[in-house]
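Below is one structure, written out as structure tokens; the observations come after it.
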Amino acid sequence: MNLKNGNNTNMGGMSAYDNPNLTCIEVDDTSYSNANWVGNNFDFDSQTSFSEDCNNPCSSSTTGMPEYGLSFNLYPNPTTSIVTVDGIKGTFELFNILGKLMQTSKTNTIDLTQLARGIYLLKATDEQGSVYSR
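The numbers in the numbering used here rise by one with no breaks, and the one at position 100 of the sequence shown is 154.
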């Protein structure tokens with residue numbers, strides 16, 4: 055979906071919920087969209103991400119820092135129940151889109167049942183460093 059219009063700051067709201075195949079929304083400013091397109095007027099599935107170039111493929115379920123060999127798989131994504139983290143052992147911190155720490159875990163399963171529907175960032179940390187996934 056391409057929402058580039060030269061000035062995405064004029065967007066007052068958008069709903070693209072319950073679209074499992076929508077993984078990328080092309081915008082003018084990724085940082086602005088991630089920071090401001092939250093709340094009651096904006097509703098997106100958790101697998102949906104913003105990019106200034108959706109033709110540049112990336113995966114929201116697998117992320118990493120290949121130069122350090124640090125990566126992990128997160129599934130199922132999206133979900134409203136239990137999410138499993140594979141490929142890394144360490145500490146997992148779950149943040150809401152505003153940066154508030156919601157949960158910390160040292161196991162490879164994270165219970166999301168008590169959280170409101172929305173976009174969350176998972177920070178995985180091991181002895182090699184940290185990596186994030188949405």
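Each residue gets a CB set at the ideal place from its N, CA and C atoms; glycine is no exception.
All figures in this text were calculated on a predicted structure; none of them were measured in a lab.
Review point. Who are the near neighbours of D107 in its chain, counting only those whose CB is closer than 8 angstroms to its CB and skipping five residues on each side?
Key: These residues qualify, in order along the chain: E80.
Review point. Using the C-alpha atoms, what's the distance from M68 back to N62?
Key: Cα-Cα distance, rounded: 11 angstroms.
Point to revise | Endpoints, beta strand (DSSP E) assigned at S103 | key: Taken as a continuous stretch (DSSP letters only), the beta strand (DSSP E) holding S103 covers S103 to S105.
Check your understanding: In chain order, what residues of the same chain lie with their CB nearer than 6 angstroms to the CB of S12, ignoring the 5 residues before and after it?
Key -> Not covered by the structure: residue 12. The range shown for the chain is 55 to 188.
Exercise for review: Starting from the Cα of G93, find the closest Cα among T77, I173, N64 and T138 and give me that residue.
Suggested key: When the alpha-carbon of G93 is set against those of T77, I173, N64 and T138, the nearest one is in I173.
Practice item. Compute the beta-carbon to beta-carbon distance between L128 and S187, rounded to the nearest angstrom, for a pair I have assumed lies under 8 angstroms. Key: Approximately 5 angstroms separates the beta-carbon atoms of L128 and S187; this is inside 8 angstroms, confirming the contact.
Practice item. Rounded to whole angstroms, what's the CA-CA distance from G153 to A89? Just pull it up for me. Key: The straight-line gap from Cα to Cα measures roughly 10 angstroms.
Check your understanding: For T163, does the three-state DSSP call read helix, strand or coil?
Key -> It is a strand residue.
Point to revise | Proximity to T84 [Cα-Cα], best of L57, A178 and D165 | key: Its Cα nearest to that of T84, the residue L57 stands out among L57, A178 and D165.
Review point. Applying the criterion that 16 or more other CB atoms from any shown protein chain within 10 Å of the CB defines a buried residue, is G141 buried or exposed?
Key: Of the residues assessed, G141 falls on the exposed side of the cut-off, its CB having fewer than 16 other CB atoms within 10 angstroms.
Practice item. Quick one: give me the first and last residue of the alpha helix (DSSP H) that T84 is part of. Key: Where T84 is concerned, the enclosing alpha helix (DSSP H) stretches over T84 to N90.
Point to revise | N64 in three-state terms, based on DSSP | key: Helix at N64.
Practice item. Would you give the residue range spanned by the beta strand (DSSP E) that L148 belongs to? Key: For L148, the uninterrupted beta strand (DSSP E) run begins and ends at T145 to N150, by DSSP.
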